[in-house]
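Peer 1: This is the structure I have questions about; it appears just below.
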Amino acid sequence: MVQKILVLISGVVFGLGLTISSMTNPAKVIGFLDIFGVWDPSLGFVMGGAILIAAPFLYIFKNKSHLILTSKIELPNKKNVNTSLVLGAITFGIGWGAVGFCPGPAISSIALLNPFSLLFVASMIAGFYISQLINN
Amino acid sequence: MISVDTINFTPFSSLFGGIFIGVAVCIFFISTGRLAGVSGIVNNALTKSHNLFVNSLFLLGLILGPLLFMFFSQNSISFQVTSSIPLIIIGGLLVGIGTKISSGCTSGHGVCGISRFSIRSIVATILFMLAAIITVLVLKLIGIN
């Protein structure tokens, strides 16, 4: 029960963070990516702020399963840079630059019930299934 | 060569929002032992029954965040999409396919992965940032966006 309440809280805090930092506004994100235009560096501060908190925390707690609310820690164990990582990241970047939405802000923006963001989320989910089909 | 947009630049609210995201990653980690990468959580919620309830709770929270912000601040949230409908559909498909193939997005690779000093995530973040910057430039040059 405590775990479930905390997960809900973490989602809310994440959503608040995306809203406070205007990541939920695609035009703001495009402003960051448009470095050859009039550049808005704000998004760098969002990532910086998040890493500033998460990096020391994850470093301290990564091996201390007895200190956390779950018995097992599931961290990604892949180490090598492979073709799927490279191609996937480039594909994602093209989509991100085309609209200004990445998955987190897109999900959060469902709250605004804006038809554009709902269309984006539906297309993104279709993309998940398409790549699953390609894999199988 | 680079000119900074001093009108729209919001260093304080962006840093503050980023700190919230960092705190959220920490809370998610101590409660689940997993990293809060949004594309992975959406994927798992759609395709796996394992952790379905917990994943759905996190996604529900993501949607509640902006609603609580509007409720308590009494402010609306500025929201502007500059892309056409076909571009939104193509962009959404590419974001879905790309994050699935590379196992992460801005939160998974860009925040959680870099926080763990993962080489894979650092490479992924540099690549998707570069690809996005070039895409914005190209779309602007050909007059689409």
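Same order as they appear, the protein sequences are chains A and B. Basically the numbering used here = 1-based index in the first sequence + 341. Basically the numbering used here = 1-based index in the second sequence + 17. Backbone N, C-alpha and C define an ideal beta-carbon position, used for all residues, glycine too.
1. Nearest-angstrom Cα distance between T123/B and L79/B?
2. Taking the straight line between their C-alpha atoms, what separation do you get for M146/B and L374/A?
3. Going along chain B, which residues have a C-beta under 8 Å from N366/A?
4. Anything in the region 112-134 of chain B with a Cβ closer than 9 Å to a Cβ of chain A? List those residues in chain order, please.
5. Is it the case that the Cβ atoms of V13/B and V440/A are separated by a distance below 9 Å?
6. Quick one: which chain B residues come within Cβ less than 7 Å of M465/A?
7. For chain A, is any of its Cβ atoms less than 9 Å away from the one on S66/B?
8. Check whether the Cβ atoms of N60/B and F433/A lie closer than 9 Å to each other.
9. Among the residues of its own chain, which have a CB less than 8 Å from the CB of F398/A, if the five just before and after it don't count?
10. Have a look at I471/A, Q344/A and A452/A and flag the residue whose alpha-carbon is nearest the alpha-carbon of L84/B.
11. So, using beta-carbon positions, are S450/A and F26/B closer together than 9 Å?
12. What three-state label does DSSP hand V112/B in the structure shown?
13. What in chain A is Cβ-close to I44/B, meaning under 7 Å?
14. Which one of G429/A, F386/A, K419/A and I371/A has the shortest CA to CA distance from I136/B?
15. Helix, strand or coil, according to DSSP, for S20/B in the structure here?
16. With a CB to CB cut of under 8 Å and the five nearest residues on each side skipped, what residues in its chain are close to G445/A?
17. Assuming Q344/A is part of the alpha helix (DSSP H), what are its boundary residues?
18. Using 9 Å as the limit for Cβ to Cβ distance, is I159/B near chain A?
19. In chain B, which residues lie less than 9 Å from M342/A when you measure between Cβ atoms?
20. What residue range is occupied by the uninterrupted alpha helix (DSSP H) comprising S90/B?
21. Consult DSSP for V422/A and reduce its assignment to one of helix, strand or coil.
22. Helix, strand or coil: how does DSSP classify V98/B here?
23. In whole angstroms, give me the CA-to-CA distance for L454/A and F461/A.
24. Confirm, please, whether the CB-CB distance from V343/A to T165/B is below 9 Å.
25. Should the region 383-397 of chain A be regarded as contacting the region 126-142 of chain B, the criterion being three or more beta carbon pairs within less than 8 Å?
26. Chain E beta carbons: is any one of them nearer than 9 Å to that of L69/B?
27. Whose Cβ in chain A lies nearer than 8 Å to the Cβ of F145/B?
28. Span of the alpha helix (DSSP H) holding R137/B?
Peer 2: The structure says:
1. The sequence position of residue 123/B within the second sequence is 106, counting from 1. The sequence position of residue 79/B within the second sequence is 62, counting from 1. T123/B and L79/B: Cα-Cα distance of roughly 15 Å.
2. Within the second sequence, numbered from 1, the residue matching residue 146/B stands at position 129. Within the first sequence, numbered from 1, the residue matching residue 374/A stands at position 33. One C-alpha to the other measures close to 8 Å.
3. What you label residue 366/A is simply residue 25 of the first sequence in a count that begins at 1. For N366/A, the residues of chain B that pass the 8 Å Cβ criterion are I94, S95, F96 and Q97, in the order they occur in the chain.
4. Taking 9 Å as the Cβ-Cβ cut-off, the region 112-134 of chain B approaches chain A at V112, G113, I114, G115, T116, K117, I118, S119, S120, G121, C122, T123, S124, G125, H126, G127, V128, C129, G130, I131, S132, R133 and F134, given in chain order.
5. Since the first and last residues shown for chain B are 18 and 162, residue 13/B lies out of range.
6. Taking the first residue of the first sequence as position 1, residue 465/A is located at position 124. Among the residues of chain B, those whose CB is under 7 Å from the CB of M465/A are G109, V112 and G113, following chain order.
7. Start at 1 with the first residue of the second sequence, and residue 66/B comes out as number 49. Not a single CB atom of chain A sits nearer than 9 Å to the CB of S66/B.
8. Here residue 60/B is taken as the residue at index 43 of the second sequence, counted from 1. Here residue 433/A is taken as the residue at index 92 of the first sequence, counted from 1. Between N60/B and F433/A, the C-beta gap is not smaller than 9 Å, which leaves the two residues out of contact.
9. Here residue 398/A is taken as the residue at index 57 of the first sequence, counted from 1. A distance below 8 Å between beta-carbons, with the five flanking residues on each side excluded, links F398/A to no residue of its chain.
10. As a position in the second sequence, residue 84/B is number 67, starting the count at 1. Ranking I471/A, Q344/A and A452/A by Cα distance to L84/B puts A452/A first.
11. Position 109 of the first sequence, counted from the first residue, corresponds to residue 450/A. Position 9 of the second sequence, counted from the first residue, corresponds to residue 26/B. Judged by beta-carbon spacing, F26/B lies beyond the 9 Å limit of S450/A, meaning their Cβ atoms are not closer than that value.
12. Taking the second sequence and counting its residues from 1, one reaches residue 112/B at position 95. Reduced to three states, the DSSP call for V112/B is helix.
13. Within the second sequence, residue 44/B is the residue found at index 27, counting from 1. Chain A residues near I44/B: L347, I350, S351 and V354.
14. Here residue 136/B is taken as the residue at index 119 of the second sequence, counted from 1. The shortest C-alpha separation from I136/B is found at K419/A.
15. To locate residue 20/B, count along the second sequence from 1; it is residue 3. Strand.
16. Taking the first sequence and counting its residues from 1, the one referred to as residue 445/A is at position 104. Here G445/A has F355, L359 and M364 as same chain residues with Cβ atoms under 8 Å from its own Cβ, once five neighbours each way along the sequence are excluded.
17. If you number the first sequence from 1, residue 344/A lands on position 3. For Q344/A, the uninterrupted alpha helix (DSSP H) run begins and ends at V343 to I361, by DSSP.
18. As a first step, residue 159/B is located in the second sequence; it is residue number 142 there, counting from the start. Judged by the 9 Å Cβ criterion, I159/B is not in contact with chain A.
19. Start at 1 with the first residue of the first sequence, and residue 342/A comes out as number 1. What M342/A touches in chain B: nothing, since even the nearest Cβ is about 11 Å away.
20. Here residue 90/B refers to the residue found at position 73 of the second sequence. Under the DSSP assignment, S90/B falls in the alpha helix (DSSP H) whose first and last residues are L69 to S90.
21. As a first step, residue 422/A must be located in the first sequence, where it is residue number 81. Note: V422/A maps to coil in three-state DSSP.
22. As a first step, residue 98/B must be located in the second sequence, where it is residue number 81. The DSSP-derived three-state label of V98/B is coil.
23. Counted from its first residue, the first sequence places residue 454/A at position 113. Counted from its first residue, the first sequence places residue 461/A at position 120. Note on geometry: alpha-carbon atoms of L454/A and F461/A lie some 12 Å from one another.
24. Here chain B has residues from 18 to 162 only, and residue 165/B is not among them.
25. In short, these stretches touch, since the Cβ pair count reaches three.
26. Included in the structure are the protein chains A and B, with no chain E among them.
27. The count along the second sequence starts at 1 and reaches residue 145/B at position 128. Within 8 Å Cβ-Cβ: A430, I431, F433, G434 and W437.
28. Locating residue 137/B in the second sequence gives position 120, counting from the first residue. R137/B -> alpha helix (DSSP H) spans I136 to L158.
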